[in-house]
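Notes follow once the structure below has been shown.
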Amino acid sequence: MVIENAYIVPVTAEEIPSGHLVIEGDRIAAVGPGPAPYAPGEAERVDGSGCLATPGLVNTHHHLYQWAAQGVTPDGTLFEWLVASYRLWARMDAEVVSGAATAGLAWLALSGCTTSTDHHYIFPKGRGDLFEAEIEAARAVGLRFHPCRGSMDRGTSHGGLPPDEVVEDIDEILGATEEAIRKYHDPSFGSMLRVAVAPCSPFSVSGELMTRSAELARSLGVRLHTHGAETADEDEHCVEQFGVLPVEYLDRLGWLGPDVWLAHCVHLTDKDVRRFAETGTGVAHCPSSNGRLGAGIARISDLLAAGAPVGLGVDGSASSEMTPLAGEIRMAMLMQRARYGPRALTARQALETATLGGARCLGREAEIGSLEPGKLADVALWRLGGFHAAIDDPVVAFAYGATPPLARLLVGGRTVVDGGELRTVPGEAAARAGADAHRRLRTGDHV
Ligand SMILES: [Zn+2]
Numbered sequence: 001m002v003i004e005n006a007y008i009v010p011v012t013a014e015e016i017p018s019g020h021l022v023i024e025g026d027r028i029a030a031v032g033p034g035p036a037p038y039a040p041g042e043a044e045r046v047d048g049s050g051c052l053a054t055p056g057l058v059n060t061h062h063h064l065y066q067w068a069a070q071g072v073t074p075d076g077t078l079f080e081w082l083v084a085s086y087r088l089w090a091r092m093d094a095e096v097v098s099g100a101a102t103a104g105l106a107w108l109a110l111s112g113c114t115t116s117t118d119h120h121y122i123f124p125k126g127r128g129d130l131f132e133a134e135i136e137a138a139r140a141v142g143l144r145f146h147p148c149r150g151s152m153d154r155g156t157s158h159g160g161l162p163p164d165e166v167v168e169d170i171d172e173i174l175g176a177t178e179e180a181i182r183k184y185h186d187p188s189f190g191s192m193l194r195v196a197v198a199p200c201s202p203f204s205v206s207g208e209l210m211t212r213s214a215e216l217a218r219s220l221g222v223r224l225h226t227h228g229a230e231t232a233d234e235d236e237h238c239v240e241q242f243g244v245l246p247v248e249y250l251d252r253l254g255w256l257g258p259d260v261w262l263a264h265c266v267h268l269t270d271k272d273v274r275r276f277a278e279t280g281t282g283v284a285h286c287p288s289s290n291g292r293l294g295a296g297i298a299r300i301s302d303l304l305a306a307g308a309p310v311g312l313g314v315d316g317s318a319s320s321e322m323t324p325l326a327g328e329i330r331m332a333m334l335m336q337r338a339r340y341g342p343r344a345l346t347a348r349q350a351l352e353t354a355t356l357g358g359a360r361c362l363g364r365e366a367e368i369g370s371l372e373p374g375k376l377a378d379v380a381l382w383r384l385g386g387f388h389a390a391i392d393d394p395v396v397a398f399a400y401g402a403t404p405p406l407a408r409l410l411v412g413g414r415t416v417v418d419g420g421e422l423r424t425v426p427g428e429a430a431a432r433a434g435a436d437a438h439r440r441l442r443t444g445d446h447v
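In the UniProt record's numbering, the protein residues as written are 1 to 447.
Take a look at the structure:
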């Protein structure tokens, strides 16, 4: 495929006001100004006039099953919302996960996402293979997928927040996690599927599970993910139960490092910010969810200035509803400025967090996150005509304005979205699958 006449933002190099991208197989073969110097035989030519080409966006935090559980406790704190949600979530089965993941991933694709993680941490017994259900959904939609095998082992009877009915036994968790890695994880260049190990949060998981999860992940060469320092409630819980704040607790357990990325990290001390940078620990910033739950505004500007990897995430649809990933670029920028002033996060920095920053969080900066020859052809081509055309700077139009429609979305050179429509699964069917999953979970007839 050859894309020409587009405004190209490679992220790692100078912007090209009118340039070309040549794609061969699943890789970018050439990027440069003017028309393409050559076209591979039988190449499809795409006229990118009036379009902005960016790397495909990387979503670093999600709970896809929550598409089926949106709109719960719309005005509660994190802990109030969680306690109200756990009993609903306990009813999920593979069919709910399949429908919710199909809708959630389709929605991500339509907002420019080419790689998504998912953090799934509830596995009710006898309800089918939930992990496989979301993997199948990602294959159908065609996104690069990093499912994180989550877990909870500390129910209310052990001082945790979740009811005992939704937690699992530690040996079962570790056995199932190892099995998932051996069955699905593909470490190769260009991989469409990598598994991470992801106990849920300090207030739902034992210290022993955290430590043994880290040992398992490191012995198998996969990454680690969890939630951290999301709300003031969590700070209080950690001080009361462990005598320290969340990041210091994670540090003690060996949970800071270049193979770890953490969701939220809203409440950080200056020392925490330094530790993230020193250890190369990544942060998945989810500004809409943080705003929705009143968690606070994360210190993204400070983390970036210190050199820590920062990516963007939509978080689960139950705490941000149907947030589009491209919209998080705008939200991140505005929230940093509301806290730190108008120069805190530029449109270009925000775009970089959504692309290369996310790739760094997932350890894939050599493969994705920028438009460079040799990297994977994960490309979003945004149509900036119409209402967006009244802004001269395409990056400003893209980041400050409403999310523009996608002319194309390529994952490894394969067209996933064309002319604003999904080409892998029918958009209407994906939306219906999400609505059906919601009804099934709400009525609970299958339980
Ligand atoms: Zn989350």
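Where a beta carbon is used, it is the ideal one built from N, C-alpha and C, also for glycine.
Taking Cβ positions, are residue i and residue j nearer each other than 8 Å?
| i | j | result |
| --- | --- | --- |
| residue 117 | residue 60 | yes |
| residue 58 | residue 358 | yes |
| residue 10 | residue 317 | no |
| residue 128 | residue 94 | yes |
| residue 229 | residue 266 | yes |
| residue 282 | residue 247 | no |
| residue 418 | residue 408 | yes |
| residue 295 | residue 78 | yes |
| residue 441 | residue 64 | no |
| residue 187 | residue 221 | yes |
| residue 165 | residue 151 | no |
| residue 211 | residue 425 | no |
| residue 148 | residue 185 | no |
Considering Cα atoms alone, identify which of the options is closest to residue i.
| i | options | result |
| --- | --- | --- |
| residue 31 | 40, 440 and 16 | 16 |
| residue 491 | 106, 421 and 123 | In this structure the chain extends from 1 to 447, so residue 491 is not present and cannot be described. |
| residue 257 | 326, 291, 217 and 35 | 217 |
| residue 252 | 272, 267, 266 and 10 | 272 |
| residue 213 | 242, 232 and 153 | 153 |
| residue 146 | 225, 103 and 247 | 225 |
| residue 274 | 306, 284 and 367 | 306 |
| residue 191 | 445, 381 and 375 | 375 |
| residue 465 | 203, 249 and 132 | The chain is shown from 1 up to 447; residue 465 falls before or after that span and cannot be answered. |
| residue 100 | 447, 446, 432 and 443 | 432 |
| residue 270 | 255, 245 and 286 | 245 |
| residue 345 | 373, 299, 326 and 325 | 299 |
For residue i, which residues in the same chain have their Cβ closer than 7 Å to its Cβ, ignoring the five residues on either side in sequence?
| i | result |
| --- | --- |
| residue 411 | 56, 114, 142, 143, 144 and 378 |
| residue 292 | 319 and 320 |
| residue 109 | 141, 143, 409, 416, 417 and 422 |
| residue 5 | 18, 47, 48 and 49 |
| residue 404 | 382, 383, 384, 388 and 398 |
| residue 452 | Missing from the structure shown is residue 452; the chain here goes from 1 to 447 and no further. |
Take the Cβ of residue i as the centre, count every other Cβ of all protein chains shown within 10 Å, and call the residue buried at 16 or more, exposed below.
| i | result |
| --- | --- |
| residue 45 | exposed |
| residue 157 | exposed |
| residue 276 | buried |
| residue 134 | buried |
| residue 219 | exposed |
| residue 38 | exposed |
| residue 434 | buried |
| residue 330 | buried |
| residue 383 | buried |
| residue 341 | exposed |
| residue 189 | exposed |
| residue 68 | buried |
| residue 104 | buried |
| residue 75 | exposed |
| residue 223 | buried |
Comparing the CB of residue i with every heavy atom of ligand 1, is any distance shorter than 7 Å?
| i | result |
| --- | --- |
| residue 315 | yes |
| residue 101 | no |
| residue 84 | no |
| residue 263 | yes |
| residue 438 | no |
| residue 119 | yes |
| residue 446 | no |
| residue 61 | yes |
| residue 267 | no |
| residue 227 | yes |
Can you name, in chain order, every residue of its own chain whose Cβ lies under 8 Å from the Cβ of residue i, other than the five neighbours on each side?
| i | result |
| --- | --- |
| residue 34 | 18, 19 and 20 |
| residue 73 | 80, 81, 84 and 85 |
| residue 280 | 257, 258, 308 and 309 |
Apart from the five residues just before and just after residue i, which ones in its own chain have a Cβ nearer than 6 Å to its Cβ?
| i | result |
| --- | --- |
| residue 323 | 288 and 314 |
| residue 22 | 2, 29, 30 and 36 |
| residue 71 | none |
| residue 339 | 297 |
| residue 122 | 89 and 166 |
| residue 335 | 287 and 297 |
| residue 347 | 395, 396 and 399 |
| residue 438 | 68 |
Consider the Cβ of residue i: report whether some Cβ of chain B lies at a distance smaller than 8 Å.
| i | result |
| --- | --- |
| residue 34 | Of the chains in the structure shown, none is chain B; there is only one protein chain. |
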